[in-house]
Amino acid sequence: KAGVTQTPRYLIKTRGQQVTLSCSPISGHRSVSWYQQTPGQGLQFLFEYFSETQRNKGNFPGRFSGRQFSNSRSEMNVSTLELGDSALYLCASSLAGTGYQKGFFGPGTRLTVL
Amino acid sequence: GEDVEQSLFLSVREGDSSVINCTYTDSSSTYLYWYKQEPGAGLQLLTYIFSNMDMKQDQRLTVLLNKKDKHLSLRIADTQTGDSAIYFCAETPGSSASKIIFGSGTRLSIRP
Chain P
176 KAGVTQTPRY LIKTRGQQVT LSCSPISGHR SVSWYQQTPG QGLQFLFEYF SETQRNKGNF
236 PGRFSGRQFS NSRSEMNVST LELGDSALYL CASSLAGTGY QKGFFGPGTR LTVL
Chain H
6 GEDVEQSLFL SVREGDSSVI NCTYTDSSST YLYWYKQEPG AGLQLLTYIF SNMDMKQDQR
66 LTVLLNKKDK HLSLRIADTQ TGDSAIYFCA ETPGSSASKI IFGSGTRLSI RP
């Protein structure tokens with residue numbers, strides 16, 4: 176099976192712009208979670224989608240949003256980018272998103288905001 | 006609250022055992038995990054343990070869980086240069102089965 180894929184791998188934007196990141200889960204997986212990784216804050220949970228519904232959300236401002244499509248692919252959007260949004264954004268997929276099934280992370284999208 | 010803490014650095018000699026420690030605050034955690042992150046890469050799940058277990062062994066990896074003290078450890082036997090990475094302790098909190106709370110990561114370096 177192909178692993179979790181994230182596109183693009185690298186992105187450079189300027190303050191005030193918006194960005195959309197994409198995550199394709201492993202075939203058959205219905206849960207997609209997003210995490211932000213920064214040197215200062217570490218790994219923080221953004222949100223989780225299951226069967227096109229947001230099931231859980233972390234403590235991020237409303238500028239961070241996401242969605243999931245019927246094929247389980249997910250996108251996250253960040254509007255009005257700030258310098259502090261520079262980070263590695265990781266997506267994880269699992270069959271149901273609960274229990275021990277937390278193992279499948281993508282390589283991440285590295286976002287740089289100038 | 007939901008907090009996971011671990012030391013930032015660990016240096017061991019090649020061939021020795023590495024022990025990475027972690028403490029967590031949520032007594033209702035259901036699953037606890039160890040992830041590995043190599044430079045420029047995503048996260049790789051190394052192993053996990055259910056909260057009602059005390060120990061889990063998987064080849065060179067041994068996980069010990071002390072639920073009373075909320076302490077988790079990862080022992081890597083016969084540490085190799087390929088084990089150099091950042092290791093994250095993580096938990097699924099009892100309040101939410103669909104998210105993971107991560108520690109800050111322990112950078113493991115191997116001395117020849």
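Residue numbers (our numbering), protein chains in the order written: chain P, 176 to 289; chain H, 6 to 117.
All C-beta atoms, glycine included, are put in the ideal place defined by N, C-alpha and C.
Since this is a predicted model, take the numbers as computed values, not measurements.
Residue range of the beta strand (DSSP E) that residue i falls in?
i, result
"Val288 (chain P)", "284-288"
"Phe225 (chain P)", "217-225"
"Gln192 (chain P)", "First-last for Gln192 (chain P): undefined, no H or E at that position."
"Pro76 (chain H)", "Looking at the sequence shown, residue 76 (chain H) is not Pro but His. Where His76 (chain H) is concerned, the enclosing beta strand (DSSP E) stretches over 76-81."
"Val207 (chain P)", "206-213"
"Glu10 (chain H)", "9-11"
"Asp63 (chain H)", "60-63"
"Ser269 (chain P)", "262-269"
"Thr111 (chain H)", "111-116"
Going along chain P, which residues have a C-beta under 7 Å from residue i?
i, result
"Phe48 (chain H)", "With the sequence shown as reference, residue 48 (chain H) is identified as Leu, and Phe is not the correct amino acid for it. Within 7 Å Cβ-Cβ: Leu265, Phe280."
At a Cβ threshold of 8 Å, is residue i touching chain P?
i, result
"Gly110 (chain H)", "yes"
"Ser114 (chain H)", "no"
"Ser101 (chain H)", "yes"
Using a cut-off of 8 Å between C-beta atoms, extract the partners of residue i located in chain P.
i, result
"Lys104 (chain H)", "Ser208, Phe220, Glu223, Asn231, Gly233"
"Phe93 (chain H)", "Leu218"
Taking the beta carbon of residue i as the centre, do at least 16 other beta carbons fall within 10 Å, making it buried, or is it exposed?
i, result
"Phe220 (chain P)", "buried"
"Asp8 (chain H)", "exposed"
"Lys104 (chain H)", "buried"
"Asp31 (chain H)", "buried"
"Phe14 (chain H)", "exposed"
"Val68 (chain H)", "buried"
How would you list, in chain order, the residues of chain H whose beta-carbon sits under 7 Å from the beta-carbon of residue i?
i, result
"Gly283 (chain P)", "Gly47"
Would you please state the rounded distance, in angstroms, between the beta carbons of residue i and residue j? I believe it to be under 8 Å.
i, j, result
"Phe93 (chain H)", "Leu48 (chain H)", "7 Å"
"Tyr210 (chain P)", "Ser249 (chain P)", "Between Ser249 (chain P) and Tyr210 (chain P) the Cβ distance is about 12 Å, and since that is not below 8 Å, they are no contact."
"Thr84 (chain H)", "Gly20 (chain H)", "7 Å"
Please list the partners that residue i has in chain H, where partner means a Cβ-to-Cβ separation under 8 Å.
i, result
"Gly217 (chain P)", "Phe107, Gly108, Ser109, Gly110"
Measuring only from the beta carbon, is residue i closer than 7 Å to any heavy atom that is part of the ligand PLP?
i, result
"Thr35 (chain H)", "Inclusion of the ligand PLP in the displayed structure is not the case, the ligand content being empty and no account of it being possible."
Counting only beta-carbon separations shorter than 8 Å, does residue i have a partner in chain A?
i, result
"Ile81 (chain H)", "Absent here is chain A; the protein component of the structure consists of chains P and H."
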